[in-house]
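Only one structure is covered here, and it is reproduced in the block below.
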Amino acid sequence: MSKIEQAFELAKERYAELGVDVDAAMENVSKVKISLHCWQGDDVAGFESTAGLTGGGILATGNYPGKARTPDELRADAEKAFSLIPGKHRFNLHAIYLENGGKKVDRDEIEPAHFQGWIDWAKANGLGLDFNPTFFSHEKAADGLTLSHPDKGIRDFWIEHDKRCRTIASAMGAAQGSPCVVNHWTPDGLKDFPADRLAPRRRLAESYDEIFSVQHPRETIRDGVECKLFGIGAESYTVGSHEFCMGYAMKNNLLVTLDAGHFHPTETISDKLSSLALFVDEILLHVSRGVRWDSDHVVVWNDEMKAIAEELVRCDLLSKTYVALDYFDATINRVAAWTIGTRSALKALLAAFLDPISTLKKAELDGNYTKRLALMEEARTLPFSAVWDYYCEKNGVPVGEKWLAEVEAYEAAVQSKRV
Ligand code: RNT
Ligand code: ZN
Numbered sequence: 051m052s053k054i055e056q057a058f059e060l061a062k063e064r065y066a067e068l069g070v071d072v073d074a075a076m077e078n079v080s081k082v083k084i085s086l087h088c089w090q091g092d093d094v095a096g097f098e099s100t101a102g103l104t105g106g107g108i109l110a111t112g113n114y115p116g117k118a119r120t121p122d123e124l125r126a127d128a129e130k131a132f133s134l135i136p137g138k139h140r141f142n143l144h145a146i147y148l149e150n151g152g153k154k155v156d157r158d159e160i161e162p163a164h165f166q167g168w169i170d171w172a173k174a175n176g177l178g179l180d181f182n183p184t185f186f187s188h189e190k191a192a193d194g195l196t197l198s199h200p201d202k203g204i205r206d207f208w209i210e211h212d213k214r215c216r217t218i219a220s221a222m223g224a225a226q227g228s229p230c231v232v233n234h235w236t237p238d239g240l241k242d243f244p245a246d247r248l249a250p251r252r253r254l255a256e257s258y259d260e261i262f263s264v265q266h267p268r269e270t271i272r273d274g275v276e277c278k279l280f281g282i283g284a285e286s287y288t289v290g291s292h293e294f295c296m297g298y299a300m301k302n303n304l305l306v307t308l309d310a311g312h313f314h315p316t317e318t319i320s321d322k323l324s325s326l327a328l329f330v331d332e333i334l335l336h337v338s339r340g341v342r343w344d345s346d347h348v349v350v351w352n353d354e355m356k357a358i359a360e361e362l363v364r365c366d367l368l369s370k371t372y373v374a375l376d377y378f379d380a381t382i383n384r385v386a387a388w389t390i391g392t393r394s395a396l397k398a399l400l401a402a403f404l405d406p407i408s409t410l411k412k413a414e415l416d417g418n419y420t421k422r423l424a425l426m427e428e429a430r431t432l433p434f435s436a437v438w439d440y441y442c443e444k445n446g447v448p449v450g451e452k453w454l455a456e457v458e459a460y461e462a463a464v465q466s467k468r469v
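Numbers 51 to 469, taken from this note's numbering, label the letters of the sequence shown in order.
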């Protein structure tokens, strides 16, 4: 027996003393598919042009060398990350990651053919694809308004863009045999006090109404609308606020997208899940890490990640929740950023499955809050790492920090050669 197996067997016994079935926990976590965001690989630049991220209330900071410059490079980097992450997962594309063969294809001209390379790659690698319309980094978004713009011509341009995105997503869903999850996020907002808060929201709702009036089979596509508190340059007013998006999604049977960085600093998305679950069919999560604001730091296994995973497990929400990552750190190796964030999310889920939750719930029902707190506290130091290490080994991915050497070797052989 290897050291990892020995440690695992001891850990399994310890968990069994608390009534926790470790094998079931590993089996449960292996069913969760996390959607890795393509945009960590190149700082949200995309392949439309060489302009990179402009405008739109999101910001990638840092200049770590070696970012992916072409679809092939991005795919190679993603494959490297996937090889270091246990389980089979998904890949989340934005419309600006099209393959246009070197010819300008504007946002209102994109077609499934521009994503055929991605569809073929996903199939070859056993991945599902998800998709996003891109309402930023474009001259028609330069003043911070898109679907809510007062100019009908500009609104129509973006409506056409989103309709095409949904057609592309539906084609992806049909090709992969699982729904392509489309997230609709608009940066629309105002820097200073609005005189009219209602009209832009009415226009956004009308634009969405037109976009979603096009029906696609449910087996191929799911749509979510994502709110935000504020963005850089849109500090005073966000058209797609939480109330707007939640209201719109509930009324129209769409997914509510919750991004962990899009709320007030002490407001958590973990606490929203149980309430939402009572009233919506499905939820889309953008797991991120805001530091002081929606800074999109790499996800780590912190209190909020822990709480999100606990809610998903304890409320039995994984079957109705799509878990996607959303962050972009350009100051560290980007393959490492994917690996750290995804492994952290999976760790949090495995740990949540390993909690002695039925005992905790029973103590709570009995009014025995002493026992509840005592057990929760003891559960923090159960031998989790022995189970996680074994889970990684069983899935054929590096155990512990060993993945880092692989990223360093990849950086030396591949990423550092990109200049
Ligand atoms: C921006 C939103 C949005 C984007 C991605 C690139 O604040 O979180 O989800 O990060 O679509
Ligand atoms: Zn997001």
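For glycine and all other residues, C-beta sits at the position ideal for the given N, C-alpha and C.
Compute the distance between the beta-carbons of residue 96 and residue 146, then report whether it is under 8 Å.
yes
Could you check which residue in 129, 117, 254, 449 has the C-alpha nearest to that of residue 436?
449
Should residue 355 be labelled buried (16 or more other beta-carbon atoms within 10 Å of its own) or exposed?
buried
Let me check you understand the geometry: is the CB of residue 144 closer than 7 Å to at least one non-hydrogen atom of the ligand RNT?
yes
Test item: CB-CB of residue 429 and residue 405 under 8 Å
yes
State the Cα-Cα distance for the pair residue 185 and residue 245, rounded to the nearest angstrom.
24 Å
Taking DSSP as the reference, what is the three-state secondary structure of residue 439?
helix
Assign residue 337 to one of three DSSP states: helix, strand, or coil.
strand
With residue 140 as the anchor, note down where its beta strand (DSSP E) starts and where it stops.
140-144
DSSP three-state label for residue 284, please.
strand
With contact counted as at least three CB pairs below 8 Å, one residue from each stretch, are the segment 63-80 and the segment 397-412 in contact?
yes
Across which residues does DSSP place residue 305 in a beta bridge pair?
274
With distance defined between alpha-carbon atoms, name the residue in 383, 204, 301 nearest to residue 464.
383
Between the segment 51-65 and the segment 113-126, do three or more beta carbon pairs fall short of 8 Å?
no
So residue 240 and residue 298 are in contact, right, with Cβ under 8 Å, and what is the actual spacing, rounded?
The pair is not a contact, with the Cβ atoms about 19 Å apart (cut-off 8 Å).
Using the Cβ count rule (16 or more neighbours within 10 Å means buried), how would you classify residue 329?
exposed
Per DSSP, the bridge partner or partners of residue 343:
341
For residue 117, verify whether its CB is less than 7 Å away from any heavy atom of the ligand RNT.
no
Tell me whether residue 179 sits in a helix, a strand or coil according to DSSP, three-state version.
strand
Could you check which residue in 379, 323, 177 has the C-alpha nearest to that of residue 360?
323
So residue 271 and residue 232 are in contact, right, with Cβ under 8 Å, and what is the actual spacing, rounded?
6 Å
Which residues neighbour the ligand ZN when neighbourhood means a C-beta less than 5 Å away from any of its non-hydrogen atoms? List them by chain order.
309, 336, 376
Ends of the alpha helix (DSSP H) at residue 211?
202-226
Quick check: does the Cβ of residue 333 come within less than 7 Å of any heavy atom belonging to the ligand RNT?
no
Pull up the distance between the alpha-carbon of residue 33 and that of residue 292, whole angstroms please.
Because residue 33 is not part of the residues shown, which for the chain are 51 to 469, the question remains open.
Less than 8 Å separating the beta-carbons of residue 380 and residue 127?
no
Buried versus exposed call for residue 214 [16 or more other C-beta atoms within 10 Å across all chains shown]:
buried
Run through DSSP, which three-state label would residue 72 get?
helix
Using three-state DSSP, classify residue 114 as helix, strand or coil.
coil
Pull the bridge partners of residue 374 from the DSSP assignment, please.
85, 336
Sorry if obvious, but does the Cβ on residue 289 come closer than 7 Å to a heavy atom of the ligand RNT?
no
Considering only the alpha carbon of each residue, which of 54, 53, 345, 339 lies closest to residue 472?
One cannot answer for residue 472 here, as it falls past the ends of the chain, which runs 51 to 469.
Given a cut-off of 8 Å on the beta-carbon distance, is the pair residue 142 and residue 88 in contact?
yes
Our contact map puts residue 209 next to residue 197 with C-beta atoms below 8 Å; I'd like the distance itself, whole angstroms only.
7 Å
What is the DSSP secondary structure of residue 233, reduced to helix, strand or coil?
strand
Could you spell out the range, first to last residue, of the alpha helix (DSSP H) harbouring residue 385?
384-404
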